[in-house]
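Report on one structure; see the data block that follows.
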Amino acid sequence: LVDYRVEFTKWWVTEFKAVKFPIAGTVFDYFIDQETKKFEPWTKRIPTFEMDPDMPLQAALVHTAETTRVKYFLDMLVEKKRPVMLVGNAGTGKTKPLEKKAGRNFGPPGTRRLIYFVDDMNMPEVDKYFTVQPHTLIRQHIDHGHWYDRQKLSMKEIHNTQYVACMNPTAGSFTIDSRLQRHFCVFSVNFPNSDALTTIYTSILSQHLSLNHFAAGVQKYAPTLISGAVTLHNRITSTFLPTAVKFHYIFNLRDLSNIFQVSKLEQILTNLGTTSKSQ
Numbered sequence: 164l165v166d167y168r169v170e171f172t173k174w175w176v177t178e179f180k181a182v183k184f185p186i187a188g189t190v191f192d193y194f195i196d197q198e199t200k201k202f203e204p205w206t207k208r209i210p211t212f213e214m215d216p217d218m219p220l221q222a223a224l225v226h227t228a229e230t231t232r233v234k235y236f237l238d239m240l241v242e243k244k245r246p247v248m249l250v251g252n253a254g255t256g257k258t259k260p261l262e263k264k265a266g267r268n269f270g271p272p273g274t275r276r277l278i279y280f281v282d283d284m285n286m287p288e289v290d291k292y293f294t295v296q297p298h299t300l301i302r303q304h305i306d307h308g309h310w311y312d313r314q315k316l317s318m319k320e321i322h323n324t325q326y327v328a329c330m331n332p333t334a335g336s337f338t339i340d341s342r343l344q345r346h347f348c349v350f351s352v353n354f355p356n357s358d359a360l361t362t363i364y365t366s367i368l369s370q371h372l373s374l375n376h377f378a379a380g381v382q383k384y385a386p387t388l389i390s391g392a393v394t395l396h397n398r399i400t401s402t403f404l405p406t407a408v409k410f411h412y413i414f415n416l417r418d419l420s421n422i423f424q425v426s427k428l429e430q431i432l433t434n435l436g437t438t439s440k441s442q
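In terms of the working numbering, the sequence shown opens at residue 164 and continues consecutively.
Structure (structure tokens):
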């Protein structure tokens with residue numbers, strides 16, 4: 164498979180020869196420090212992970228260079244009230260009820276701003292007129308700032324709201340209406356590589372074992388357990404490829420995370436601890 168980030172970097176370096184770019188990595192691995200005006204790696208901005216003792220193991224979030232980079236641009240665009248679309252594995256989201264302001268004006272409570280999170284934006288069905296009704300309603304709101312009340316036959320102006328959307332390119336329609344997509348700044352969220360996966364789960368598991376006072380003999384197995392799980396996941400995804408007959412061969416981070424669920428993991432580690440003591 165072609166790594167388009169590497170290919171784009173080759174073009175970028177050739178096109179902008181006057182710019183002194185770091186030799187290692189790609190153009191996606193660096194940002195320009197506003198103070199020094201130099202290229203710095205995104206790894207420099209990764210926040211330190213601290214495990215919350217009350218947080219379930221599977222709910223913990225460890226930032227990587229990829230998530231740090233996307234979050235940086237996402238925060239800036241949301242601050243400027245620009246629609247954002249993330250293309251990659253689907254997530255989850257919530258919305259908040261609107262309150263009526265005055266007359267036909269609606270918006271979030273008080274001076275707050277409401278962000279509509281639209282998950283799996285490419286999943287709605289295309290109707291017989293070759294349109295997607297939810298997409299048309301969203302585009303109408305972005306373009307004109309209002310919707311129509313079909314019961315009262317009146318206009319409702321919606322204020323202080325914006326959109327953040329996600330698409331899973333492996334499910335549903337592969338594209339959405341260009342009249343809608345043109346409003347969004349689109350980012351591709353790639354699957355973490357082996358190094359990133361190892362960093363994520365090592366950080367979570369090591370702190371979980373330490374906070375719960377597991378024996379040193381158990382804690383020493385953490386790196387081996389992580390390495391084995393990541394290697395097994397990579398081999399499964401590369402061996403069991405989806406086909407027309409075996410279309411259910413789709414693996415993602417949820418499958419890997421299931422290995423490290425507390426209820427299952429602690430039983431494994433307890434058995435390892437018992438084995439190490441007997442030896």
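All C-beta atoms in this analysis are idealised placements derived from N, C-alpha and C, irrespective of residue type, glycine included.
Can you give the Cα-Cα distance for residue i and residue j, rounded to whole angstroms?
| i | j | result |
| --- | --- | --- |
| Ala379 | Tyr412 | 38 angstroms |
| Pro287 | Val408 | 25 angstroms |
| Lys259 | Gly308 | Caution is warranted here: a pLDDT of 26 is assigned to Lys259, below 50, making its placement in the model unreliable, and the coordinate value is therefore given only provisionally. Roughly 18 angstroms between the two C-alpha positions. |
| Ala228 | Thr206 | 5 angstroms |
| Ser366 | His304 | 42 angstroms |
| Ile209 | Val225 | 9 angstroms |
| Leu343 | Thr294 | 12 angstroms |
| Asn323 | Asn285 | 25 angstroms |
| Thr189 | Phe410 | 34 angstroms |
| Thr338 | Thr362 | 33 angstroms |
| Tyr384 | Leu395 | 16 angstroms |
| Lys173 | Asp418 | 35 angstroms |
| Lys277 | Thr177 | Checking the displayed sequence, the identity of residue 277 turns out to be Leu instead of Lys. If I take the Cα positions, the gap works out to 43 angstroms. |
| Glu320 | Met330 | 27 angstroms |
| Ile422 | Asn397 | 14 angstroms |
| Val182 | Glu170 | 18 angstroms |
| Glu242 | Gln197 | 18 angstroms |
| Pro405 | Leu416 | 16 angstroms |
With a 10 Å radius around its C-beta and 16 neighbouring C-beta atoms as the bar for buried, classify residue i as buried or exposed.
| i | result |
| --- | --- |
| His376 | exposed |
| Tyr364 | buried |
| Ala187 | exposed |
| Ile399 | exposed |
| Tyr311 | exposed |
| Pro297 | exposed |
| Lys257 | Because the pLDDT of Lys257 is 24, which lies under 50, any placement of that residue in the model is unreliable, and the number read from its coordinates should be weighed accordingly. By the neighbour-count rule (16 or more Cβ atoms within 10 Å), Lys257 is not buried but exposed. |
| Met318 | exposed |
Thinking C-alpha only, which one of the options is nearest residue i?
| i | options | result |
| --- | --- | --- |
| Ser420 | Ala223, Gln197, Asp217, Trp174 | Ala223 |
| Gln370 | Thr211, Trp175, Asn323, His309 | Thr211 |
| Lys234 | Ile422, Ala385, Val349 | Val349 |
| Gln325 | Asn331, Asp340, Arg302 | Arg302 |
| Ala328 | Thr199, Leu240, Pro386 | Leu240 |
| Phe191 | Arg168, Lys173, Gln344, Val182 | Arg168 |
| Pro204 | Leu372, Glu198, Tyr193, Asp340 | Tyr193 |
| Asp282 | Lys243, Met318, Tyr384, Pro332 | Pro332 |
| Pro246 | His346, Lys201, Leu374, Arg232 | His346 |
| Val381 | Ser390, Ala392, Asp290, Leu368 | Leu368 |
| Arg232 | Lys200, Ile195, Leu374, Thr199 | Ile195 |
In chain order, what are the residue ranges of uninterrupted beta strand (DSSP E) at least 3 long that sit wholly in the segment 330 to 379? If one requires a minimum length of 3 residues, the beta strand (DSSP E) runs lying completely within the segment 330 to 379 are 348 to 351, in chain order.
Three-pair Cβ contact test at 8 angstroms for the segment 348 to 362 versus the segment 244 to 251: Put simply, the segment 348 to 362 touches the segment 244 to 251. At least three CB pairs are less than 8 angstroms apart.
Can you check the segment 188 to 214 for any beta strand (DSSP E) of at least 3 residues that lies completely inside it and give the ranges in chain order? Listed in chain order, the complete beta strand (DSSP E) runs (minimum 3 residues) inside the segment 188 to 214 are 193 to 195, 202 to 204.
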